[in-house]
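S.K.: Here it is, the structure in full.
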Amino acid sequence: MVGTPRAVPPMVHLFSGAYTYPVEEFVAIADASMAAAPDYYCTPERKRAYVVAALTGRARLWFTRWSQHHLSASHEEFRSALLEEFHINDTPTEHQKFRHLTQGLSTVACYARDFEAAAGRSKEEVDTQFNRLRFAYGLSPHISDYVLERFADCPTFKDLVNEAGLVEEHFKAIPSSGSDSGA
């Protein structure tokens, strides 16, 4: 008796669209994982669902927007669009620089200025919901989590930056747990 086809375990490393995890590597791992269960991943819907389940942050944001306009796209079309969106060129375009900009070690205020400048060079509006979410996902993770919870209360980019700045100040005010109390 032949058993029912089974899915493979979810991908261990999620893909956020960050430079640190190349999209080509992510797609290769997804393809290899699905190849281990070809009887299960025999439809475009199952293949897409497997890959989408491993998207997070900006990559999930991109997919949500992309899928609204590509409801009947094949898995290959989805795969190609994902690779195109997150491929890192040797000399990135202004739009790619904008798409991948993150706070890194800078302050929220500095990141906001850089984000606005990069948006201007890319002819993007910072006040769109998509770009405000893009900004929020680019914040340091400990700030991003709080800001995303309050996103609905921040209808403008300026409101979002102010909220992120408040969170940043809150974290700066917390004493370091590794300090020696002198005892």
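Its first residue numbered 1, the sequence shown is counted upward by one per residue in the UniProt record's numbering. Don't be surprised by glycine CBs; every beta carbon is placed ideally from N, CA and C.
Going by beta carbon distance, what residues of the same chain come within less than 8 Å of Met-1, once the five residues before and after it are set aside?
M.R.: Since pLDDT at Met-1 reaches only 45, below the 50 mark, its modelled position is unreliable, and no value is offered.
S.K.: May I ask you to list the residues that DSSP assigns as paired with Leu-55?
M.R.: Bridge partners of Leu-55: Phe-15.
S.K.: So, under 8 Å CB-CB, Val-23 and Leu-83 are touching, yes? Tell me the CB distance rounded to an integer number of Å.
M.R.: About 6 Å separates the two Cβ atoms, so the contact holds.
S.K.: In or out: Ser-16 buried (at least 16 other Cβ within 10 Å) or exposed?
M.R.: Buried, because 16 or more other Cβ atoms sit within 10 Å of the Cβ of Ser-16.
S.K.: Using the Cα positions of Tyr-41 and Phe-171, report the straight-line distance between them to the nearest angstrom.
M.R.: Their backbone Cα atoms lie some 45 Å apart in a straight line.
S.K.: With the cut-off set at 9 Å, would you say Ile-143 and Ala-118 are in Cβ contact?
M.R.: No, they are not a contact pair.
S.K.: Where Arg-79 and Arg-99 are concerned, what is the direct C-alpha to C-alpha distance, given to the nearest angstrom?
M.R.: Computed Cα separation, rounded: 18 Å.
S.K.: For Tyr-137, count neighbouring Cβ atoms within 10 angstroms of its own Cβ and tell me buried if that reaches 16, exposed if not.
M.R.: It is buried - the Cβ of Tyr-137 has at least 16 other Cβ atoms within 10 Å.
S.K.: Let me make sure I understand the geometry here. Which of Arg-48, Thr-4, Val-167 and Asp-39 has the alpha-carbon closest to that of Glu-76?
M.R.: The option with the nearest alpha carbon to Glu-76 is Arg-48.
S.K.: Check Ile-143 in the structure and name its three-state DSSP category.
M.R.: Correct three-state label for Ile-143: helix.
S.K.: Does Cys-154 have its Cβ less than 9 Å from a Cβ in chain C?
M.R.: Looking at the structure shown, chain C is missing, and only one protein chain is on hand.
S.K.: Is the region 95-109 touching the region 119-126 in the sense that three or more CB pairs, one from each, lie closer than 8 Å?
M.R.: Output reads yes: the region 95-109 touches the region 119-126.
S.K.: Would you call Leu-133 buried or exposed, if buried means 16 or more other Cβ atoms sit within 10 Å of its Cβ?
M.R.: It counts as buried.
S.K.: Please report the distance separating the alpha-carbon of Asp-153 from that of Leu-105.
M.R.: Approximately 26 Å, taken between the alpha carbons.
S.K.: Which residues in the same chain have their Cβ closer than 7 Å to the Cβ of Val-167, if we skip the five residues on either side of it in sequence?
M.R.: Result list for Val-167: Ile-143, Tyr-146 and Val-147, in chain order.
S.K.: Hey, Ala-18 and Gly-57: beta-carbon distance below 9 Å or not?
M.R.: Contact: yes.
S.K.: Could you pull out every residue in the same chain whose Cβ sits closer than 7 Å to the Cβ of Ala-109, ignoring the five residues on either side in sequence?
M.R.: Hits under 7 Å: Gly-165.
S.K.: Need the endpoints of the alpha helix (DSSP H) that Ala-173 sits in, please.
M.R.: Taken as a continuous stretch (DSSP letters only), the alpha helix (DSSP H) holding Ala-173 covers 157-173.
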